[in-house]
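Sequence lines, in order, name chains A and B.
Each residue of the first sequence is one higher than the one before, counting from 0 in numbering that gives the first Met the number 0.
Each residue of the second sequence is one higher than the one before, counting from 0 in numbering that gives the first Met the number 0.
Following: one structure in structure tokens, then a few remarks.
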Amino acid sequence: MSEWWTYRLTSFLLFSPRTYYRLLELYNLAIWPAQLAGMAIGLAIVALLIGQRGDRDCIIAGLLSVCWLWVAWAFHYQRYAQINWAATWFAAAFAFQALLLVVVGVVTGRFVLQPASAGKLWIATSIVAISVLGYPLLAPLAGRPWTTAETFGVAADPTAIASVAVLGLVRGRIRWFLLPVPLLWCAIAAATLWAMNAPEVLVVVAAGLLALWPAVSRTRHDASETMR
Amino acid sequence: MLTLAAAGACAAFRPATVLAQPRAILTRPIPSTGEALPVVGLGSWITFNVGDDPAARDACTDVMRNFVEAGGRVIDSSPMYASSQDVIGYGLRKAALTGRVFSADKVWISSGSRGREQIEQSRRKWQVNRFDLVQVHNLLDWQEHLPTLLAMKATGQLRYVGITTSEGRRHRDIEQIMRSQAIDFVQVTYNPVDREVEERILPLARDRGIAVIVNRPFRQGALLRALARQPLPAWAAEIECTSWAQFVLKFIVSHPAVTCAIPATTSVAHVRENTSAAYGRLPDEALRQRMIAAVERA
């Protein structure tokens, strides 16, 4: 793209905020009550993070994979692509993330959740819980109807934020193979909300950064372990 | 001080709002053929990208119906605008407007060899037999696309060929193409605060006999939001303006090189307001200078 420096973030926004939220509304109405299933999956992940089940990690990877695949197909490909031609690429990226979670978490068994500290586990679990229970509240708090609420497991933003929090707990370098797509989506979501002048942008940025913290501090922890 | 710019304009459709005082919509000829186009058209960037939402599609149809009933003809879109082409096609068919509009679309693909294929996809979305005008969007791969478009024009698959840019980008390239290629239209950004094209491109268009379509007349609404803080000057009544939107549009289309401006909207009230700027008196050069000063003060 020539003269790229002359473009602003809003130059890439293809739709109005009204159209975007109407799309969310129609999507929510079309998939109801899948939102309840998404929330149930999210709460199950919270319970698994707190609990000590031996097969916890494999189940969490599988549940996250289901959510990413659903969002890829039902949201990005079938809905969002109507108003944003880039959404077919988003769908491919989300499907790839689902595949990655299955391969790493279910097939190879390299998806090992090992928080560097109880504090990091608490932060990650809290972010997942907030993504599940708190994110849908943003719609009414921003003055929009409930029908435009974004729910974990079926909407892209809360699914990506919660995933960053969980994947930050994964032991070893493999987490840096699992994190790029969720992080990239957080950045795209924040840019979109910023261009739409939506107040939710602050929540996405803050939650994304907070969710990333366990992953970054985990890296420092791993490095110091190696030094010893 | 004022000029009656309606002189020589061809009568098209009369809007309901002016039935009590029948007047012809202002038109400008396309230099390459003399075909007259109403000076206010309809853009579709963002506004018509509503996906498959039935209510929003019907609202867009109402906008198009009111636009045509008010005398408008030029509707502009692009494959870049996501669902806008589908929505235009839906509206044209539902309101039976297909034969009454001047269909202006674009080719926007980085592979020159796929240009024809994309234009055909766009044509099916619009549900028209052929496009009146196809433009190379933002000069993307124009070296490949222009020969294709000119060949399609030669065989009657489209009527006019053009190029586009926006917000002042690549004006040197635009000039070069205007000087060297047999194009009918150029599309640029122009309004009372974005006037760079007055220096070279608009005079060049007159010299070369190229029609000019003006995009982003309201800076995507930002200009009108800024102007709304100030009252419309009382002297705006001299050119029959009752709103800042009409004020800005009359400024744009009063430039002798401009063929039409293409404001976009989702509102029936706004499309009627915009199209009404294509009626009545236009400012002369002295008044245009006052208009610039008024906008810059606001």
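Heads up, the beta-carbon is just placed ideally off N, CA and C, and yes, glycines get one too.
Under the three-state DSSP convention, the category residue i falls into
| i | result |
| --- | --- |
| residue 104 of chain B | strand |
| residue 85 of chain B | helix |
| residue 82 of chain A | coil |
| residue 27 of chain B | strand |
| residue 188 of chain B | strand |
| residue 261 of chain B | coil |
| residue 214 of chain B | strand |
| residue 278 of chain B | coil |
| residue 202 of chain A | helix |
| residue 134 of chain B | strand |
| residue 102 of chain A | helix |
| residue 241 of chain B | coil |
| residue 157 of chain B | strand |
| residue 60 of chain A | helix |
| residue 112 of chain A | strand |
| residue 96 of chain B | coil |
| residue 35 of chain B | strand |
| residue 75 of chain B | strand |
| residue 122 of chain A | helix |
| residue 267 of chain B | helix |
| residue 153 of chain A | coil |
Residue j beta carbon less than 9 angstroms from that of residue i
| i | j | result |
| --- | --- | --- |
| residue 162 of chain B | residue 184 of chain B | yes |
| residue 193 of chain A | residue 155 of chain A | no |
| residue 203 of chain B | residue 178 of chain B | yes |
| residue 44 of chain A | residue 127 of chain A | yes |
| residue 166 of chain A | residue 174 of chain A | yes |
| residue 158 of chain A | residue 152 of chain A | yes |
| residue 78 of chain B | residue 104 of chain B | yes |
| residue 13 of chain A | residue 84 of chain A | yes |
| residue 41 of chain B | residue 75 of chain B | yes |
| residue 200 of chain A | residue 189 of chain A | yes |
| residue 382 of chain B | residue 211 of chain B | Chain B is shown only over 0 to 297; residue 382 of chain B falls outside these bounds and no answer can be derived. |
| residue 191 of chain B | residue 119 of chain B | no |
| residue 131 of chain A | residue 38 of chain A | yes |
| residue 49 of chain B | residue 78 of chain A | no |
| residue 134 of chain A | residue 150 of chain A | yes |
Length of the line joining the Cα atoms of residue i and residue j
| i | j | result |
| --- | --- | --- |
| residue 88 of chain B | residue 177 of chain A | 42 angstroms |
| residue 275 of chain B | residue 44 of chain B | 21 angstroms |
| residue 38 of chain B | residue 278 of chain B | 9 angstroms |
| residue 60 of chain A | residue 98 of chain B | 56 angstroms |
| residue 34 of chain B | residue 28 of chain B | 5 angstroms |
| residue 104 of chain A | residue 51 of chain B | 37 angstroms |
| residue 273 of chain B | residue 175 of chain B | 33 angstroms |
| residue 147 of chain B | residue 115 of chain B | 7 angstroms |
| residue 243 of chain B | residue 263 of chain B | 15 angstroms |
| residue 298 of chain B | residue 203 of chain A | Because chain B here runs from 0 to 297, residue 298 of chain B falls outside it and cannot be looked at. |
| residue 65 of chain B | residue 269 of chain B | 10 angstroms |
| residue 208 of chain A | residue 58 of chain A | 25 angstroms |
| residue 28 of chain A | residue 86 of chain A | 20 angstroms |
| residue 98 of chain A | residue 205 of chain B | 58 angstroms |
| residue 247 of chain B | residue 129 of chain A | 48 angstroms |
| residue 139 of chain B | residue 292 of chain B | 36 angstroms |
| residue 75 of chain A | residue 64 of chain A | 15 angstroms |
| residue 95 of chain B | residue 68 of chain B | 12 angstroms |
| residue 196 of chain B | residue 71 of chain A | 44 angstroms |
| residue 16 of chain A | residue 236 of chain B | 35 angstroms |
Proximity test, Cβ basis, 9 angstroms: residue i and chain A
| i | result |
| --- | --- |
| residue 20 of chain B | Because the pLDDT at residue 20 of chain B is just 48, under 50, the model does not fix this residue reliably, and the value given afterwards should be weighed accordingly. Chain A, which has no Cβ nearer than 9 angstroms to the Cβ of residue 20 of chain B, makes this no. |
| residue 268 of chain B | no |
| residue 278 of chain B | no |
| residue 244 of chain B | no |
| residue 55 of chain B | yes |
| residue 219 of chain B | yes |
| residue 265 of chain B | yes |
| residue 1 of chain B | In this prediction, residue 1 of chain B scores a pLDDT of 43, lower than 50, which makes its location untrustworthy; the coordinate-derived value is nonetheless stated afterwards. Answer no: the Cβ-Cβ gap between residue 1 of chain B and chain A never drops below 9 angstroms. |
Minimum Cβ-Cβ distance from residue i to chain B less than 9 angstroms
| i | result |
| --- | --- |
| residue 226 of chain A | The predicted model places residue 226 of chain A with a pLDDT of 48, which falls under 50 and marks its position as unreliable, so this point remains unresolved. |
| residue 78 of chain A | yes |
| residue 210 of chain A | no |
CB contact check: residue i to chain E, cutoff 9 angstroms
| i | result |
| --- | --- |
| residue 190 of chain A | Here chain E cannot be found, since the structure's protein chains are A and B. |
Positions along the stretch 186-205 of chain B whose CB lies within less than 7 angstroms of some CB in chain A: none
The stretch 5-25 of chain A: positions lying closer than 7 angstroms to chain B by Cβ: 5, 13, 14, 15, 18, 21, 22, 25
Near-chain A residues of the stretch 153-178 of chain B - C-beta to any C-beta below 7 angstroms: 166, 168, 169
Interface residues of the stretch 81-101 of chain A facing chain B [CB-CB below 8 angstroms]: 81, 82, 83, 84
Short of 8 angstroms Cβ to Cβ, which residues in the stretch 26-51 of chain B face chain A? 45, 46, 48, 49, 50, 51
To be precise: take each residue of the stretch 67-82 of chain B, compare its Cβ to all Cβ atoms of chain A, and keep it if any distance is under 9 angstroms. Which residues remain? 78, 79, 80, 81, 82
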